[in-house]
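Residue numbers (the numbering used here): 734 to 931.
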């Protein structure tokens, strides 16, 4: 008997008459930690935010602006690393963008988290790490490092910036989502964008 004539229904191979694609609305959301190929789009987070492909809530408002800005910085870091750039002219755009990102974050994210009593330790560490990275970049750009160690200094700053942006996404974004109502988050998002792109 051939496999074609014996249609046994299995989870990975529907039998005769069964549709390989469930009807819209017939599927259920993927289980927590569920995998690929599940009906996971369109799920809603308990607070109302849409869930992403991995089941985590998609940031909105100020948190979304912070994630977008951080993502742009990560792309700039990767571009600089791939090109092997270490001259002041190559590093300056990244340093300027990072400075604007930190200024926008100081004026909005950090202030609102401190005001709402959310993670004072996280805010203090974020501020300290951001200032350290800016200081390293400034010293590298102004030539206060010997020429022979500039590449190493810039590589170190890029590595620290990468980790800093990862911590920002891991620690600050969830704190913002917990602390801010949607209307305040949208207002602060506009302020963040104005400073960051100003």
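Yeah, the Cβ is synthetic: ideal placement off N, Cα and C, and Gly gets one too.
Just so you know, these numbers come straight off a predicted model, no measurement behind them.
Check                                                                                                                                                                       : Outcome
Does the Cβ of residue 804 have 16 or more other Cβ atoms within 10 Å, making it buried, or fewer, making it exposed?                                                       : exposed
Which stretch, first to last residue, makes up the alpha helix (DSSP H) that contains residue 797?                                                                          : 794–816
Use the C-beta contact count for residue 890: other C-beta atoms within 10 angstroms, 16 or more gives buried, fewer gives exposed.                                         : buried
I need the straight-line Cα distance from residue 918 to residue 924, nearest angstrom please.                                                                              : 10 Å
Use the C-beta contact count for residue 910: other C-beta atoms within 10 angstroms, 16 or more gives buried, fewer gives exposed.                                         : buried
Which two residues bound the contiguous alpha helix (DSSP H) that contains residue 913?                                                                                     : Looking at the DSSP string, residue 913 is not in any alpha helix (DSSP H), and its letter there is neither H nor E.
How long is the line joining the alpha carbons of residue 791 and residue 802, rounded to whole angstroms?                                                                  : 15 Å
Leaving out five residues on either side along the sequence, give the residues of the same chain with a beta carbon under 6 Å from the beta carbon of residue 915.          : none
In or out: residue 922 buried (at least 16 other Cβ within 10 Å) or exposed?                                                                                                : buried
Alpha carbon to alpha carbon, how far is residue 835 from residue 912? Give it in angstroms, no decimals.                                                                   : 20 Å
Helix, strand or coil for residue 847, going by three-state DSSP, please let me know.                                                                                       : helix
Can you tell me whether residue 931 is helix, strand or coil according to DSSP?                                                                                             : coil
Taking the alpha carbon of residue 828 as the reference point, which residue from 842, 807 and 847 has its own alpha carbon closest?                                        : 807
By Cβ distance below 7 Å, which residues in the same chain neighbour residue 902 in space, the five residues on each side in sequence not counted?                          : 800 and 803
Just to confirm my understanding: we take residue 865, look at its own chain, exclude 5 residues before and 5 after, and list those with CB closer than 8 Å. What are they? : 893
Using the C-alpha atoms, what's the distance from residue 899 back to residue 797?                                                                                          : 14 Å
With DSSP collapsed to three states, give me the class of residue 882.                                                                                                      : helix
According to DSSP, is residue 906 helix, strand or coil?                                                                                                                    : helix
From this set, 875, 795, 833 and 823, which residue's C-alpha is nearest residue 930's C-alpha?                                                                             : 833
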